[in-house]
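Worksheet: one structure, shown below.
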Amino acid sequence: MRRLILVLVALVVLAAPAAALAHPLGNFTVNRYSRVQPSGDRVYVLYVLDLAEIPSFRERDLARDPDAYATTTAERIARGLKLT
Numbered sequence: 621m622r623r624l625i626l627v628l629v630a631l632v633v634l635a636a637p638a639a640a641l642a643h644p645l646g647n648f649t650v651n652r653y654s655r656v657q658p659s660g661d662r663v664y665v666l667y668v669l670d671l672a673e674i675p676s677f678r679e680r681d682l683a684r685d686p687d688a689y690a691t692t693t694a695e696r697i698a699r700g701l702k703l704t
């Protein structure tokens, strides 16, 4: 029984740092990822915008209609992308 408790305590101690690293960048970060994939006569772009808690909260008031918000945000981002 004592050995089982020791093993469980060791697992909790080892697992705690992993949970602490789950959100390392803070509440104000805005992360962007772009993947450019040429294919024949086309170029496909995957663009991911990841807003942390505070920027998401600021945008929430604008997003009363989620579909319209997604469309206008995608159009705004697309206008700013330049393939060189």
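Residue numbers (the working numbering): 621 to 704.
We put the beta carbon where it would ideally sit given N, CA and C, even for glycine.
Examine the Cβ distances between the region 646-653 and the region 670-686 and report whether three or more of them are shorter than 8 Å.
-> Contact between the region 646-653 and the region 670-686 is present, because at least three Cβ pairs lie under 8 Å.
Please work out which residues of its chain come closer than 6 Å, Cβ to Cβ, to Gln657, disregarding the five sequence neighbours upstream and downstream, and give them in chain order.
-> Here residue 657 corresponds to residue number 37 of the sequence shown, with the count starting at 1. Excluding residues within five positions, the ones whose Cβ falls inside 6 Å are Tyr664.
Beta-carbon proximity list for Val650, same chain, < 6 Å, skipping 5 on both sides | Stepping through the sequence shown from its first residue, residue 650 is reached at position 30. Excluding residues within five positions, the ones whose Cβ falls inside 6 Å are Leu671 and Pro675.
Candidates Asp661, Val668 and Arg662: closest to Arg655 by CA position = Your numbering for residue 655 matches position 35 in the sequence shown. Closest option to Arg655, Cα to Cα, is Val668.
Using the C-alpha atoms, what's the distance from Tyr653 back to Pro686?
-> As a first step, residue 686 must be located in the sequence shown, where it is residue number 66. As a first step, residue 653 must be located in the sequence shown, where it is residue number 33. Approximately 21 Å between the Cα atoms of the pair.
What number of angstroms, rounded off, separates the C-alpha of Ala690 from the C-alpha of Leu703?
-> Residue 690 sits at position 70 when you count from the first residue of the sequence shown. Residue 703 sits at position 83 when you count from the first residue of the sequence shown. Computed Cα separation, rounded: 22 Å.
Which two residues bound the contiguous beta strand (DSSP E) that contains Ser684?
-> Taking the sequence shown and counting its residues from 1, one reaches residue 684 at position 64. In the sequence as presented, Ser is not what sits at residue 684; that position holds Arg. First-last for Arg684: undefined, no H or E at that position.
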